Amino acid sequence: MQGEGAGRLYSPTRFDGIKMEQSPKSSSPPGVFLPELCNVQAVLLMVIATGLCALLFTLIYAGPGHFDWDYFALTSLFMLWVVLTSALILCRLRILGAGWSMSRQALVAYLIAPAITLIYAILANALFRKGALEEPGSGFWFVVQAVAISAILTGIILRYFYLQHLWHLQQKSELESRVQALQARIRPHFLFNSMNSIAGLIPINPNEAEEAVLDLAELFRAALKESSSLAPLKEELALCERYLRIEQLRLGDRLTVKWDMRNISDAARVPPLSIQPLVENAVYHGVQPSAEGGLITITAYEQGSWLYVLISNPVHNGDPSQGHKGNRIAMQNIRSRLQAFFGDQAVLKTSQMDGRFTATMRAPLHKKG
1 MQGEGAGRLY
11 SPTRFDGIKM
21 EQSPKSSSPP
31 GVFLPELCNV
41 QAVLLMVIAT
51 GLCALLFTLI
61 YAGPGHFDWD
71 YFALTSLFML
81 WVVLTSALIL
91 CRLRILGAGW
101 SMSRQALVAY
111 LIAPAITLIY
121 AILANALFRK
131 GALEEPGSGF
141 WFVVQAVAIS
151 AILTGIILRY
161 FYLQHLWHLQ
171 QKSELESRVQ
181 ALQARIRPHF
191 LFNSMNSIAG
201 LIPINPNEAE
211 EAVLDLAELF
221 RAALKESSSL
231 APLKEELALC
241 ERYLRIEQLR
251 LGDRLTVKWD
261 MRNISDAARV
271 PPLSIQPLVE
281 NAVYHGVQPS
291 AEGGLITITA
301 YEQGSWLYVL
311 ISNPVHNGDP
321 SQGHKGNRIA
331 MQNIRSRLQA
341 FFGDQAVLKT
351 SQMDGRFTAT
361 MRAPLHKKG
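full-length UniProt numbering numbers the first residue of the sequence shown as 1 and each following residue consecutively.
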């Protein structure tokens, strides 16, 4: 455990091995409805789907009670060449066509697979169907049938990609609306408490009150920033530091804070405004009610594929109903925020043991916003 004495705060901006960084850019170009087709999972899925389609065409061609292995092998080989070549070109199109309109992207993408099919069908016809261009069912008709089937399947697949893209846009819009609504519920509570702290400081030390106003301005800059992306853990800890600096001016030696950061990676990310309200609860329910004050511990560490953040504060004997409603509202807001970003993977639990109240947040170790 690493900490400072009463009246001083250990600065999370000075953690060794943790550097401030901006949220990483998404790997998907904005405005492109085509999915990423050049990763291992996508290629494996395309190979399996191509094999199943080749099997279906072979069963239709051979008829019941017979299976033509040569036809299946040649059909699979032909289709794999068409599918993988088209996927490679579409991967480049995702980058080159990032600034194109949706209709232009769809038109170019739709023409790629039939064009590749036409080229490979002519080559296959030259290799395996020499002298049979006028024979029905082979040669010329083979090229026509291959291009027609390719055009139909490409249209169906692109339609699926487009609908999937619209669904993702809808999900993103709903997420932004939920996060903004949760921020709106947190801000009034945060503003009221912070302004009370500054108002109590102005008659005592105007200079420090001015510094507190600057800290508050930075806090509201973060709170008012509209974002549906995960925030670097380092930024959230810096936000907590600013908040605690304001409260330190008001509470003085009554507030003692210890930080314990255990091998936190540079890119660890959490939902924005998910840690500061927990620290605020610890101050207002664990330190402020007591004339002697108390110790708040802030712990963060990685374990496997999970990130843990623990906020602990003392429990005082008093009116059990006092402050509990606000505490429950804040906890529910944070749970809703975690649910919006991580679904059921993230949890926020509270426990009380040996005279201390602990809020534990567990979230997937998400390193990309």
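Don't be surprised by glycine CBs; every beta carbon is placed ideally from N, CA and C.
Since this is a predicted model, take the numbers as computed values, not measurements.
Check: In whole angstroms, give me the CA-to-CA distance for ILE149 and LEU107.; Outcome: 17 angstroms
Check: Using 10 angstroms around the beta-carbon of ALA217, count the other beta-carbons present and answer buried if the total reaches 16, otherwise exposed.; Outcome: exposed
Check: Tell me, please, whether the segment 39-58 touches the segment 83-91 by the rule of three or more beta-carbon pairs shorter than 8 angstroms.; Outcome: yes
Check: Can you have a look at GLY293 and say buried or exposed, based on whether 16 or more other CB atoms are within 10 angstroms of its CB?; Outcome: buried
Check: I'd like the list of long-range same chain contacts for GLY51, defined as Cβ closer than 7 angstroms, with 5 residues on each side in sequence excluded.; Outcome: SER76
Check: Work out the CA separation of ALA42 and ASN196 for me, nearest whole Å.; Outcome: 55 angstroms
Check: So, at 6 angstroms on beta carbons, what are the nonlocal neighbours of TYR284 in its own chain, with the 5 sequence-adjacent residues on each side left out?; Outcome: none
Check: CB ILE334 to CB PRO289, shorter than 8 angstroms?; Outcome: no
Check: What separation, rounded to the nearest whole angstrom, lies between the Cα atoms of GLY286 and ASP266?; Outcome: 30 angstroms
Check: Return no unless some Cβ of chain D is closer than 8 angstroms to the Cβ of ALA126.; Outcome: The structure shown contains no chain D, having only a single protein chain.
Check: Taking the C-alpha atoms as reference points, what is the distance between LEU249 and PRO232?; Outcome: 27 angstroms
Check: In the DSSP assignment, what are the bridge partners of residue 420?; Outcome: What the structure shows of the chain is the stretch from 1 to 369, and residue 420 is not part of that stretch, so it cannot be assessed.
Check: Which residue comes first and which comes last in the alpha helix (DSSP H) that contains TRP69?; Outcome: 69-96
Check: Leaving out the 5 sequence neighbours to the left and right, which residues in its chain are closer than 6 angstroms to VAL147 when beta-carbon positions are compared?; Outcome: PRO114, THR117, LEU118
Check: Express the C-alpha separation of LEU93 and CYS53 in angstroms, rounding to a whole number.; Outcome: 25 angstroms
Check: Quick one: what's got a C-beta closer than 8 angstroms to ASN207's C-beta in the same chain, skipping five residues either side?; Outcome: none
Check: Provide the residue(s) that pair with VAL347 in DSSP beta bridges, ordered along the chain.; Outcome: ARG362
Check: Name the DSSP beta bridge partners of LEU295, please?; Outcome: THR256
Check: Please classify TRP167 as buried or exposed, where buried requires at least 16 other C-beta atoms within 10 Å of its C-beta.; Outcome: exposed
Check: Where residue 433 and GLN164 are concerned, what is the direct C-alpha to C-alpha distance, given to the nearest angstrom?; Outcome: With the chain covering only 1 through 369, there is no way to say anything about residue 433.
Check: What do you get for PHE67, buried or exposed, if any count of 16 or more other CB atoms within 10 angstroms of its CB means buried?; Outcome: exposed
Check: Taking DSSP's pairing of strands, which residues face SER312 in a bridge?; Outcome: THR297, THR358
Check: By DSSP, does PRO114 sit in helix, in strand, or in coil?; Outcome: helix
Check: Sort out for me which residues DSSP pairs VAL279 with in a bridge.; Outcome: Beta-bridge pairing links VAL279 to no other residue.
Check: So, for LEU365: in the same chain, excluding its five sequence neighbours on each side, which residues have a beta-carbon less than 7 angstroms away from its beta-carbon?; Outcome: ALA268, GLU302, SER305, TRP306, LEU307
Check: What residue range does the alpha helix (DSSP H) around GLY63 cover?; Outcome: Premise fails: GLY63 is in no alpha helix (DSSP H) and is neither H nor E.
Check: Taking the CB atoms as reference points, tell me whether LEU230 and PRO203 lie closer together than 8 angstroms.; Outcome: no
Check: Kindly indicate which three-state DSSP category ALA49 falls into: helix, strand or coil?; Outcome: helix
Check: Cβ atoms of ILE275 and GLU236: under 8 angstroms apart, would you say?; Outcome: yes
Check: Tell me the rounded alpha-carbon separation between ASP354 and VAL315.; Outcome: 9 angstroms
Check: Quick one: is TRP69 buried, meaning 16 or more other Cβ sit within 10 Å of its Cβ, or exposed?; Outcome: exposed
Check: Between which two residues does the alpha helix (DSSP H) harbouring TYR243 extend?; Outcome: 233-251
Check: Identify whether GLN288 lies in helix, strand or coil by the three-state DSSP scheme.; Outcome: coil
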